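The structure under discussion appears below in the form of C-alpha cells.
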Amino acid sequence: MFKIFKYSLYDMIRNRWLFYYMGFFLILTSALLILSNDFTQVLITLTNIILALTPLIGIIFGVIYYYNTKEFIELLLTQPVDRKAVFSGVYFGLAVSLSLSLASGVGIPLILFGVLNSSVLVNYIVLIVLSIVLSIVFSLFSFIISIKFDNKVKGFGIAICLWLFFALLYDGIFLIILMLFKAYPLDNLSIVLSMLNPIGLARVLIIIQLDISAMMGYSGAVIKNFFGSSLGSMLITLVLVLWITIPYYYMIRLSKAKDF
3 MFKIFKYSLY DMIRNRWLFY YMGFFLILTS ALLILSNDFT QVLITLTNII LALTPLIGII
63 FGVIYYYNTK EFIELLLTQP VDRKAVFSGV YFGLAVSLSL SLASGVGIPL ILFGVLNSSV
123 LVNYIVLIVL SIVLSIVFSL FSFIISIKFD NKVKGFGIAI CLWLFFALLY DGIFLIILML
183 FKAYPLDNLS IVLSMLNPIG LARVLIIIQL DISAMMGYSG AVIKNFFGSS LGSMLITLVL
243 VLWITIPYYY MIRLSKAKDF
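Under the working numbering, the sequence shown has 8 at position 6, and the numbering climbs by one with no breaks.
This is the structure we're talking about:
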C-alpha cells in the first residue's frame, strides 16, 4: 500500500490544480489579513468560506481524480495486490495532498502576518484541523460515489447534490424540524441533528471556540452547554472519527465487491 500511496501522492503533487487550490487560499487569507487588523473577524470570514469550499473541492476533486485514474487502478488490480491496499493507497495519496495544500494555503499567511503571537491562534488551528477533516470526509464520499457509479455524469451529479444537501439544505431542514417541534424539549434533538452533519458540526465547534453561540439562539445555548463539557468534547472526537472511519470501511467494502 505504501508504494501505491507514494505514487498517488507524487502524481497529485504534479497536478497543477492542486497548486491552484493552495494558491486560492493563500491569496484569500493574505487579502483578508491585509484588509483587516482584527484577527477574530478574519477568522469568522475564513470560517464561512472554508467550511463551504473545502467539502466541495474535496468531493469534486476526488471524483475527477478517481475517474482519471480508473484505468491505473484496474491495471493494479490485475497484479497480485490486495484490493484494500490499492484503494487505500490511491485514496490516502489524494487525502494527504489536499490536506497539505489546504494547511499550506491558510497557514503560510498566518505565520507571515504574526497570527502565531495572537490570542486566537488556537482558534485558527481548530479551523485548519476541522477543514482537513471535512476534506477527508468528502473525498471519501467522492470515492464511494465513483466506485458505485461508473457513469461520470451521474457520479458528478450525485457528488454535487450530496454537497448541496450538507452545505445548504441540511440547515434549512434543521430549522424546519426545530420549528415543527418547538412545543417540545429540543435539547437532545438539537445535539443529535448537529452531529449528523459534519459541516454543521464543524461550524458549531468554531462558534463555540469564538464564544459567539448566542448568535444561534436557544439551540446555540444548548449546544454550547453540552459540547463545552468534558463529555461533549469526547463525543465530538468520537463523532469526527466515525465520520471518517465509517465511510472509509464502506469504501473498502464497495471496492472488494466491485466487478471491474
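Glycine included, each C-beta is placed from N, C-alpha and C at the ideal position.
All values reported here derive from a predicted model rather than from experimental measurement.
Query                                                                                                         : Result
Coarse secondary structure for Y186, derived from DSSP in three states                                        : coil
Distance CB(L203)-CB(S196) smaller than 8 Å                                                                   : yes
Cβ separation of L78 and V88, assumed to be a contact under 8 Å, to the nearest whole Å                       : 5 Å
The region 133 to 143 contacting the region 49 to 63, beta-carbon criterion three pairs below 8 Å             : yes
Reduced DSSP category for M266 - H, G, I as helix; E, B as strand; rest coil                                  : Shown here, the chain extends from 3 to 262; a query on residue 266 therefore has no answer.
Length-filtered (3 minimum) beta strand (DSSP E) runs lying within the region 150 to 214                      : none
Own chain partners of Y126 with C-beta closer than 7 Å, once the 5 adjacent residues on each side are dropped : L45, L112 and V117
Under the three-state DSSP convention, the category P57 falls into                                            : helix
Opening and closing residue of the alpha helix (DSSP H) in which G25 lies                                     : R18 to L37
Contact check, I147 vs A169, beta carbons under 8 Å                                                           : no
Three-state secondary structure (DSSP) of G109                                                                : helix
I238 burial status per 10 Å Cβ neighbour count (16 or more: buried)                                           : buried
Burial state of W19, where buried means 16 or more other Cβ atoms lie within 10 Å                             : exposed
Where V139 falls: helix, strand or coil (DSSP)                                                                : helix
Distance between K150 and K260 (C-alpha atoms, nearest Å)                                                     : 8 Å
Secondary structure of T80, DSSP reduced to three states                                                      : coil
Three-way DSSP call (helix, strand, coil) for D13 in this model                                               : helix
For I175 and G159, the rounded distance between their alpha carbons                                           : 21 Å
Buried or exposed (CB count within 10 angstroms, at least 16 for buried), S221                                : Low per-residue confidence applies at S221: pLDDT is 49, beneath 50, and the placement is therefore not dependable enough to give any value.
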